[in-house]
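Student: Next up is a structure, given as structure tokens.
In the working numbering, the protein residues as written are 159 to 420.
Right under this line is the structure:
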């Protein structure tokens, strides 16, 4: 489908898991929403080499979280892979969002399906969110249901199962509320104060519902398009919203947070 299924957290998780298992993973992404063109080395396996504007918000977030894993963005996946292999001791490549990329033969395809989406969304673009027909799931070796804790939709299995007879399925859940301070990100307890929520992601409604579910008092909210750039004017408008609603805290996504100057 289009954005909002949780591909970026899954790439980070897989890269971490593979590294802990003794592999030397590298990541190649297209870098949607970036201001640059061509091939960019986001992380060389030792340090972060790019800023968020050149890398794109999702690859940059990966680079911030993954200390020892090389990351490259390129519209040409083949060029990206060759560059990665030529400059890093990588023995396994993770392609971010490449199920529709037919020029590269993969050993394993993992497809993410959001259970938050309504049945009507499982139609082809432009009527729904599907990039290709459901029968294409037969190409996948693994199918992962995401956003399953908040919204259980068992009837979705009836829709997808005919196309996934050979694909193991699993559900992924993780803590949703993190606090950022000088020590980094860590799990935080809900706070009973007015908060402003804002985001520019593929599935903003799920984010808002999640904030409500953990018990936060949403006094104001702003929803932007995916890959939103937070320039000084936008940040000023958000500060006005904070004052208007007397907000004592701001809640956003990690993907949005990396685009806001410290």
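Even glycine gets a Cβ: it sits at the ideal position worked out from N, Cα and C.
For residue 318, write down the residues that DSSP places opposite it in a beta bridge.
Tutor: Answer is none; residue 318 lacks a bridge partner.
Student: By Cβ distance, which residues of its chain are closer than 6 angstroms to residue 418, with the 5 residues on each side in sequence left out?
Tutor: So the list reads 388, once near-sequence residues are dropped.
Student: In three-state DSSP terms, what is residue 230?
Tutor: Note: residue 230 maps to strand in three-state DSSP.
Student: Excluding the five sequence neighbours on either side, which residues of its own chain have a C-beta within less than 8 angstroms of the C-beta of residue 416, listed in chain order?
Tutor: Excluding sequence neighbours, residue 416 sits near 210, 215, 218, 219, 222.
Student: Kindly indicate the opening and closing residues of the alpha helix (DSSP H) around residue 243.
Tutor: Looking at the DSSP string, the run of the alpha helix (DSSP H) that includes residue 243 is 235-245.
Student: Among 241, 201, 236, 369, which one has its Cα closest to the Cα of residue 378?
Tutor: Taking only the C-alpha atoms, the option nearest residue 378 is 369.
Student: If contacts are defined as beta-carbon pairs under 8 angstroms, then residue 238 and residue 282 qualify, I think. What distance do you get, rounded to the angstrom?
Tutor: That belief does not hold up - the Cβ atoms of residue 238 and residue 282 are roughly 28 angstroms apart, past 8 angstroms.
Student: Cα separation between residue 195 and residue 286?
Tutor: Each residue's Cα considered, the two are about 29 angstroms apart.
Student: When burial is assigned at 16 or more other CB atoms within 10 Å of the CB, is residue 175 buried or exposed?
Tutor: Residue 175 should be labelled exposed.
Student: Give me the residue from 399, 244, 410 with the minimum Cα distance to residue 364.
Tutor: Nearest of 399, 244, 410 to residue 364, Cα basis: 410.
Student: Please say whether residue 292 and residue 257 have beta carbons closer to each other than 8 angstroms?
Tutor: Taking 8 angstroms as the Cβ cut-off, residue 257 and residue 292 do not qualify as a contacting pair.
Student: Specify, as a first and last residue, the run of the alpha helix (DSSP H) that residue 272 falls within.
Tutor: No alpha helix (DSSP H) holds residue 272; the beta strand (DSSP E) holding it covers 268-272.
Student: Please confirm whether residue 164 and residue 304 have their CB atoms less than 8 angstroms apart.
Tutor: Yes, the Cβ-Cβ distance between residue 164 and residue 304 is below 8 angstroms.
Student: Have a look at 255, 404, 399 and flag the residue whose alpha-carbon is nearest the alpha-carbon of residue 162.
Tutor: Of the candidates 255, 404, 399, the one whose C-alpha sits nearest the C-alpha of residue 162 is 255.
Student: Report all residues from its chain with a CB closer than 6 angstroms to the CB of residue 253; omit the five preceding and five following residues, and keep chain order.
Tutor: Cβ within range, chain order: 186.
Student: To the nearest angstrom, report how far apart residue 200 and residue 240 are at their CA atoms.
Tutor: Those two C-alpha atoms are separated by around 15 angstroms.
Student: For residue 257, name the three-state secondary structure that DSSP assigns.
Tutor: In the structure shown, residue 257 sits in coil (DSSP, three-state: anything other than H, G, I, E or B).
Student: Tell me which residue opens and which closes the alpha helix (DSSP H) that residue 456 is part of.
Tutor: Coverage of the chain is limited to positions 159 through 420, which leaves residue 456 absent and any answer about it impossible.
Student: Is it buried or exposed for residue 302, if we count other Cβ within 10 angstroms and need 16 for buried?
Tutor: Its Cβ being crowded by 16 or more others within 10 Å, residue 302 is buried.
Student: Rounding to the nearest angstrom, what Cα-Cα distance links residue 232 and residue 351 in this structure?
Tutor: Approximately 43 angstroms, taken between the alpha carbons.
Student: DSSP has residue 352 in a bridge; who is on the other side?
Tutor: In DSSP, residue 352 forms a bridge with 375.
Student: Given that a residue counts as buried once 16 or more other Cβ atoms are within 10 Å of its Cβ, and exposed if not, what is residue 181?
Tutor: Under this definition residue 181 is an exposed residue.
Student: How far does the alpha helix (DSSP H) with residue 174 in it extend, from its first residue to its last?
Tutor: Where residue 174 is concerned, the enclosing alpha helix (DSSP H) stretches over 165-178.
Student: Is DSSP giving residue 366 helix, strand or coil here?
Tutor: Of the three classes helix, strand and coil, the one that applies to residue 366 here is helix, per DSSP.
Student: Going by alpha carbons, who is nearest to residue 143 out of 225, 177, 191?
Tutor: No answer is possible for residue 143: it lies beyond the span of the chain, which begins at 159 and ends at 420.
Student: Checking the sheet assignment: what are the DSSP bridge partners for residue 380?
Tutor: Residue 380 is bridged to 356.
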